[in-house]
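Each remark here refers to the structure printed beneath this line.
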């Protein structure tokens, strides 16, 4: 009798397992990733093993009929926290597509728009399109049992809805996009949990589902606070960063790291890694390395080569702030000088650093002759903010310091030779705090 009962138990367990697999659902996403003229990536995360596909449709224009396409299916697995990056690779330039996610043969429905747009083929044909990007850094999502006791460090998640209401074409996440806690950073399962938890925010979903999302990392989504090249799990952290973001590439030359670059319409973006090569902040001997000479030379090569109207350099820490404290680049003065001198000596124009980290927002500007460099710091999104208006940043543009939660909007407009970037800093409800224009120079 026991033999038959054991067999029955095995059959029941297998049935439950099969049922569980067939009912695997979406845990997080969809999130639109990188965009090109012929393809776009969409990221998803299921709550168990599943086969996922992307179904996407052209939006009819004129007499054009709707066309339906399907991505190659991807099997999610526990090794990558059940994440998948699906590639829509049958696109035509400058077209808007609506999409659906299919999980184990079931097409899912969402209560917000799920669309993406391929980049336009404007070169040699028209003036560049007008477009909008959003940006911000330091997104702390509370989880009480693992947070420090006391007042919650995160809040005002409605900021993501406010960003969505601005209808950005892309969202640039400027580091500290998740906050690894002590319980997280020493294990793969811990980092996977933190990234999953930080993505599981209802207010964030419409933004992720419709704008192109690109990301760099800083210390809190790389490892422990102020983490540097000595972090023993850096390779694992990079693998997980790739699992949870859909950037177009990772690394440069033969270097493996989180850096990448891409073009978006008329602008070029250089996404730097300020952790992988970084020497410890308190190291007293040896070279003080922040980006590393090889990454700097790659950046300068790419900047010199670029014909973009604006060259946006995204990096976790402030570059032009002259105060040598916290994790500002000014605490690595020799390397900072090498980078800034190279930009001016090479005559590279229209360089704007996009930075985060500092839990405050401000615009900085450095001029030499008829050239200039900007540094727009936008922070924090949902982390606790700090008012450091009395900090003696010699390059701060007057009236641009803001010490509360906020996000940035940048609108690029105008003809190619007279291109203009309009910066808007908005509070958690979307109200305008300040605005500035940067004209191509």
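In the numbering used here, the protein residues as written are 163 to 603. Each residue gets a CB set at the ideal place from its N, CA and C atoms; glycine is no exception.
- Under the three-pair Cβ rule at 8 Å, the stretch 281 to 301 does not count as touching the stretch 557 to 566.
- When Cβ pairs closer than 8 Å are counted between the two stretches, the stretch 244 to 260 is seen to touch the stretch 279 to 290, the count reaching three or more.
- Rounded to the nearest angstrom, the gap between the Cα atoms of residue 197 and residue 433 is 15 Å.
- For the 8 Å CB-CB criterion, residue 478 and residue 436 form a contact.
- Annotation for residue 387: 381 place their beta carbon closer than 7 Å to its own, counting only its chain and skipping 5 residues before and after.
- Non-local beta-carbon contacts of residue 372 in its own chain, meaning distances under 6 Å to residues more than five positions away in sequence, involve 275 and 277 in chain order.
- A Cβ-Cβ separation of about 14 Å leaves residue 425 out of contact with residue 578 under the 8 Å criterion.
- Per the DSSP secondary-structure output, residue 264 pairs in a beta bridge with 215 and 269.
- Annotation for residue 601: the continuous beta strand (DSSP E) segment containing it runs 594 to 601.
- Per DSSP, residue 551 lies in no alpha helix (DSSP H) and is assigned neither H nor E.
- Note on geometry: alpha-carbon atoms of residue 462 and residue 349 lie some 36 Å from one another.
- Leaving aside the five residues that flank residue 548 on each side, the residues in its chain whose CB is nearer than 7 Å to its CB run, in chain order, 521, 522 and 565.
- Residue range 524 to 530 is occupied by the beta strand (DSSP E) that includes residue 526.
- By the C-beta criterion, the stretch 211 to 227 is judged not to be in contact with the stretch 412 to 422, since fewer than 3 inter-stretch pairs fall below 8 Å.
- Listed in chain order, the beta strand (DSSP E) runs fully inside the stretch 569 to 593 are 582 to 589, counting runs of at least 3 residues.
- Burial is judged here by how many other beta carbons sit within 10 angstroms of a residue's own beta carbon; residue 603 has fewer than 16 and is exposed.
- For the pair of segments examined, the stretch 523 to 540 was found not to touch the stretch 307 to 315: the number of CB pairs separated by less than 8 Å stays below three.
- Judged by DSSP secondary structure, residue 192 falls within the beta strand (DSSP E) whose first and last residues are 188 to 197.
- Distance from the CA of residue 365 to the CA of residue 466, rounded to the nearest whole angstrom, comes to 40 Å.
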